[in-house]
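The structure appears right after this line, and notes come after that.
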Amino acid sequence: MTKIIFEFENISVEAELNDSPTSKDLINLLPLEGISQIWGEEIYFSTSINRENDDWAKETVELGDIAFWPPGNAICLFFGKTPVSQGDEIRPASPTNVMGKIIGDLEILKTVNSGDKVKVIVA
68 MTKIIFEFEN ISVEAELNDS PTSKDLINLL PLEGISQIWG EEIYFSTSIN
118 RENDDWAKET VELGDIAFWP PGNAICLFFG KTPVSQGDEI RPASPTNVMG
168 KIIGDLEILK TVNSGDKVKV IVA
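Add 67 to the 1-based position in the sequence shown for the numbering used here, that's all there is to it.
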């Protein structure tokens, strides 16, 4: 498993990727930069990855999951519920390819704003 770091304007978080095909696509693009967007308690940003749902795709994710959302070619970091979550679930807008997990305190992700720059590097 590869460890990566998401560097935002004021904070950074470490994550561990799984061995999925989408994770391998991301590793091959690093370092990568984007502009953060916020949707509920999810941060996402567009990438040049172009992949459909794979065997790792999920309709709901777990707290701290990192996933790829094919319709937006976007990397998503889930630190809580989204506007379409029901009950205690964490639900993306549509199925996402789970790529790994954020390590550490998820609360600091609440300080990221839409429009903040993000850089993803190998740890």
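Idealized CB from N, CA, C, for every residue including glycine. Fair warning: this is a prediction, and the values are worked out from it, not measured in the lab.
### Message
Taking the straight line between their C-alpha atoms, what separation do you get for S161 and E126?
### Response
Indexing the sequence shown from 1 puts residue 161 at position 94. Indexing the sequence shown from 1 puts residue 126 at position 59. Each residue's alpha carbon lies about 6 Å from the other.
### Query
Cα separation between I124 and A190?
Here residue 124 refers to the residue found at position 57 of the sequence shown. Here residue 190 refers to the residue found at position 123 of the sequence shown. Note that residue 124 is Ala in the sequence shown, not Ile. Distance between the alpha carbons of A124 and A190: 25 Å.
### Query
What residues are listed by DSSP as bridge partners for E83?
The residue labelled residue 83 in the question sits at position 16 within the sequence shown. Looking at the DSSP assignment, E83 forms a beta bridge with K70 and K168.
### Query
For G101, which of helix, strand or coil comes out of DSSP?
By 1-based counting over the sequence shown, the position of residue 101 is 34. Collapsing the DSSP output to three states places G101 in a strand.
### Proximity winner among P88, L97, M68 and E74, relative to E119 (alpha-carbon distances)
Within the sequence shown, residue 119 is the residue found at index 52, counting from 1. Comparing C-alpha distances from E119 to each of P88, L97, M68 and E74 shows the shortest one belongs to P88.
### Task
Could you tell me the boundaries of the alpha helix (DSSP H) in which K91 lies?
On the sequence shown, residue 91 is found 24 positions in, with the first residue counted as 1. First-last of the alpha helix (DSSP H) with K91: P88 to L96.
### Minimum C-alpha distance to I71 - residue among G167, D183, E174 and S181
As a first step, residue 71 must be located in the sequence shown, where it is residue number 4. Nearest of G167, D183, E174 and S181 to I71, Cα basis: G167.
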